[in-house]
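Peer 1: What follows is a single structure, and I will ask about it in a moment.
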Amino acid sequence: MSEAEKIKIIAEHYGYDAQSRQCIEEMAELTQAINKWWRVCGNGQRTEKSIAECRYNLIEEIADVQIMLYQLGYLLDSRLEVSEMITKKLDRQLERVEKCTKI
């Protein structure tokens, strides 16, 4: 079974309300993992976690959020629109980068 098929089955089972709330929870966990990464790298209050532990947790939370975003995209039937918006935003940011490097 492909990842897309798994996303579809899970998203349809739980529905938009449940998965949008779960997405919020996963994004909060990602925020916490990003902060832990900063801390383990020496920025801010120190943590007892190792770099490897923090890196693993950060990757895990990125995956969780990405899965939820795929589900929301499926449930809103917006995958093509999201893809087009990503292209538009990346192009706009590249223009900004190019302007900065020309100065």
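In terms of the UniProt record's numbering, the sequence shown opens at residue 1 and continues consecutively.
Glycine residues also receive a C-beta, built at the ideal position from the N, C-alpha and C atoms.
Quick one: give me the first and last residue of the alpha helix (DSSP H) that Gly73 is part of.
Peer 2: First-last of the alpha helix (DSSP H) with Gly73: 51 to 75.
Peer 1: Is Met68 closer than 9 Å to Met1 when the C-beta atoms are compared?
Peer 2: Against a cut-off of 9 Å, the Cβ pair of Met68 and Met1 comes out as no contact.
Peer 1: Gln32 and Gln71: beta carbons closer than 9 Å?
Peer 2: No. Outside cutoff.
Peer 1: Hey, how far is the Cα of Cys100 from the Cα of Arg92?
Peer 2: Spanning the two alpha carbons is a distance of roughly 13 Å.
Peer 1: With H, G and I counted as helix, E and B as strand and the rest as coil, what does DSSP make of Ser20?
Peer 2: Reduced to three states, the DSSP call for Ser20 is helix.
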